[in-house]
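What follows is a short report on a single structure.
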Amino acid sequence: VFRPSPALSKVGPSAITRMTAATAELKRQGRQIASMHLGEPDFATPGNIVEAAIRAMRAGDTHYTALDGTPAVKSAVQEKFARENGIYFEDDQIVVTSGAKMVLFSAFFATLNPGDEVILPAPYWVSYSDIVEMMGARAVVLPTHAQDGFKLRAEDLERAITPNTRWLLINSPSNPSGAIYRRSDYEPILEVIERHPHVWLMVDDMYEHIIFQDEPFLTPAQLRPDLQGRILTINGVSKAYAMTGWRIGYAGGPAPLMKVIKAVLSQSTSCPCSIAQAAAAEALRGPQDSVRRYLGEYRARRDLVITELSHCPDLKVTEPDGTFYAFVDWRALFGKLTPRGETLSDDEHLCQYLLHDCGVSIVPGSAFGTPGFFRISFASSEAELRLGMARIREGCAALI
Ligand code: PLP
Numbered sequence: 011v012f013r014p015s016p017a018l019s020k021v022g023p024s025a026i027t028r029m030t031a032a033t034a035e036l037k038r039q040g041r042q043i044a045s046m047h048l049g050e051p052d053f054a055t056p057g058n059i060v061e062a063a064i065r066a067m068r069a070g071d072t073h074y075t076a077l078d079g080t081p082a083v084k085s086a087v088q089e090k091f092a093r094e095n096g097i098y099f100e101d102d103q104i105v106v107t108s109g110a111k112m113v114l115f116s117a118f119f120a121t122l123n124p125g126d127e128v129i130l131p132a133p134y135w136v137s138y139s140d141i142v143e144m145m146g147a148r149a150v151v152l153p154t155h156a157q158d159g160f161k162l163r164a165e166d167l168e169r170a171i172t173p174n175t176r177w178l179l180i181n182s183p184s185n186p187s188g189a190i191y192r193r194s195d196y197e198p199i200l201e202v203i204e205r206h207p208h209v210w211l212m213v214d215d216m217y218e219h220i221i222f223q224d225e226p227f228l229t230p231a232q233l234r235p236d237l238q239g240r241i242l243t244i245n246g247v248s249k250a251y252a253m254t255g256w257r258i259g260y261a262g263g264p265a266p267l268m269k270v271i272k273a274v275l276s277q278s279t280s281c282p283c284s285i286a287q288a289a290a291a292e293a294l295r296g297p298q299d300s301v302r303r304y305l306g307e308y309r310a311r312r313d314l315v316i317t318e319l320s321h322c323p324d325l326k327v328t329e330p331d332g333t334f335y336a337f338v339d340w341r342a343l344f345g346k347l348t349p350r351g352e353t354l355s356d357d358e359h360l361c362q363y364l365l366h367d368c369g370v371s372i373v374p375g376s377a378f379g380t381p382g383f384f385r386i387s388f389a390s391s392e393a394e395l396r397l398g399m400a401r402i403r404e405g406c407a408a409l410i
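Heads up, full-length UniProt numbering is the position in the sequence shown plus 10, with the first residue counted as 1.
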């Protein structure tokens with residue numbers, strides 16, 4: 011009998027994976043689906059980065075490297091943190107991993123025990139809760155609200171902390187809400203963290219470069235250097251440089267934590283891909299004009315999506331300050347009938363209706379711990395977005 015590990019008992023394929031499979035199946039049957047479910051830039055990786063990878067291969071950089079990254083990529087990460095965030099990390103305070111997801115996974119693996127709790131402000135990125143559950147720990151989901159810009163309130167955090175709390179995890183700009191924590195949002199939260207020395211803070215800054223506001227991006231380790239001994243700052247090249255397939259993420263944090271993360275890496279990935287590390291070093295050190303170009307594109311796509319949504323009176327959306335996602339409140343449509351006579355009872359159902367009957371793929375809010383919403387990704391091309399938004403509009407208008 012095949013018996014999977016109990017660690018997987020609460021973890022199935024994510025809603026995004028299921029949507030990807032369903033979309034692929036419909037396309038295979040010849041249906042044209044407007045894909046707006048994937049958080050993946052449609053741009054090609056910039057040429058200078060690709061060239062750096064080719065040079066690395068030709069130079070023979072095709073062997074195992076240090077498990078936490080080559081000296082070259084680690085110093086590029088060090089310089090990035092200093093230049094862009096004003097944070098100074100020593101060599102033993104940095105790891106470079108096979109994607110930022112591997113930092114999350116190894117940090118949780120290295121620190122969580124059954125019974126431990128991780129506080130996740132919702133909506134949160136789907137993988138957070140699943141990874142926490144895989145470790146036998148508990149994801150403590152704290153709902154946030156549109157009227158607070160989907161940001162965690164310090165008083166809610168204070169109430170949620172127990173002796174079992176190990177981590178608070180904040181993602182800014184947020185996937186899926188697009189919310190950005192400003193100084194005034196972070197400061198009261200960091201005061202709560204300061205008062206509870208057993209609680210550590212993990213911050214996921216993956217979308218740092220996709221921000222539409224003029225204010226500079228801020229991250230907690232920069233705001234409170236005195237708390238740096240309890241902060242893990244995670245980032246990566248996937249989204250900023252259209253490098254999702256290269257699988258490079260990185261993090262800076264206290265040396266004792268990095269040491270146990272490295273122990274996990276040493277028995278799992280060994281090291282990230284040597285060629286991708288050379289590419290990531292070029293991404294971080296080389297010209298940054300592609301990042302600015304992508305941002306201009308995302309801004310135009312965001313405006314398109316927000317304008318289109320404004321024509322759907324039953325859908326509400328807070329304009330995202332960052333990322334390439336819009337998080338849409340569809341609760342006004344709850345209980346309506348589809349043209350087939352089915353009552354819309356939850357967001358999984360709405361997404362199935364929009365996929366099968368209208369030909370557009372999106373992700374249900376319940377996947378992000380927030381039912382009653384859905385996520386649109388505007389990392390797809392403008393043509394695909396126009397088609398998808400027209401279909402959403404028609405699909406909503408057809409409900410009675
Ligand atoms: N963090 C957030 C918030 C994300 O949305 C993603 C990817 O979707 C990741 C981390 C993972 O990035 P990587 O491709 O580096 O594993």
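C-beta: ideal position from N, C-alpha, C; glycine also.
Keep in mind that this is a model prediction, so the values were computed, not measured.
Secondary structure of alanine 377 (DSSP, three-state): helix.
When the Cα atoms are used, arginine 341 and glycine 398 turn out to be separated by approximately 20 Å. In the same chain as aspartate 357, and ignoring 5 residues on each side of it, the C-beta atoms closer than 8 Å to its own belong to Trp340, Pro374, Gly375, Ser376, Pro381, Gly382, Phe383 and Phe384, in chain order. Judged by their CB atoms, leucine 275 and leucine 77 are nearer to each other than the 7 Å cut-off. Here serine 45 carries a strand assignment [DSSP, helix/strand/coil]. In the DSSP annotation of this structure, asparagine 174 is not part of any beta strand (DSSP E), being labelled neither H nor E. For the ligand PLP, the residues with a Cβ under 6 Å from any of its heavy atoms are, in chain order, Gly49, Gly109, Ala110, Lys111, Trp135, Asn181, Asn185, Asp214, Met216, Gly246, Ser248, Thr254 and Gly259. When secondary structure is reduced to three states using DSSP, glutamate 127 falls in the strand class. Proximity to proline 207 across Asp236, Arg192 and Asp214 peaks at Asp236, based on C-alpha coordinates. Taking the Cβ atoms as the reference, threonine 348 lies roughly 7 Å from aspartate 367, within the contact range of under 8 Å.
Taking the Cα of serine 300 as reference, the smallest distance to any Cα among Asn58, Leu48 and Gly159 is reached at Asn58.
Within a 10 Å sphere around the beta-carbon of serine 108 sit 16 or more other beta-carbons, which makes this residue buried.
Inclusion of tyrosine 260 and valine 106 in the CB contact set at 7 Å is warranted, their separation being smaller than that value. Rounded to whole angstroms, the separation of the alpha carbons of valine 202 and alanine 32 is 43 Å.
DSSP places aspartate 214 inside the beta strand (DSSP E), whose first and last residues are 210-214. By the Cβ criterion, the region 84-96 is in contact with the region 286-300, since at least three pairs of Cβ atoms, one from each stretch, lie closer than 8 Å. Burial check for leucine 18: the Cβ neighbour count within 10 Å stays below 16, so the residue is exposed. Beta-carbon to beta-carbon, glutamine 103 and alanine 250 are separated by about 21 Å, too far to satisfy the 8 Å threshold.
Under the three-state reduction of DSSP output, asparagine 95 falls in the helix class. Taking each of Gly159, Leu364 and Ile372 in turn and checking the Cα distance to alanine 408, the smallest one comes out for Leu364. Straight through space, the alpha carbons of phenylalanine 227 and leucine 179 are spaced by roughly 18 Å. Counted as a single uninterrupted DSSP element, the beta strand (DSSP E) harbouring isoleucine 104 occupies residues 104-107. Our two residues, threonine 80 and aspartate 214, have alpha carbons roughly 22 Å apart in a direct line. The C-alpha of alanine 389 is placed about 15 Å away from the C-alpha of arginine 302. Going by DSSP, aspartate 339 is part of the beta strand (DSSP E) stretching over 335-339. For arginine 257, no alpha helix (DSSP H) run applies, since DSSP gives it neither H nor E. Here glycine 306 is exposed: its Cβ has fewer than 16 other Cβ atoms, across all protein chains shown, within 10 Å. Residue pairing by DSSP places glycine 246 opposite Gly259 in a beta bridge. In this structure, the straight-line span from the alpha carbon of valine 327 to that of glutamate 318 is close to 11 Å.
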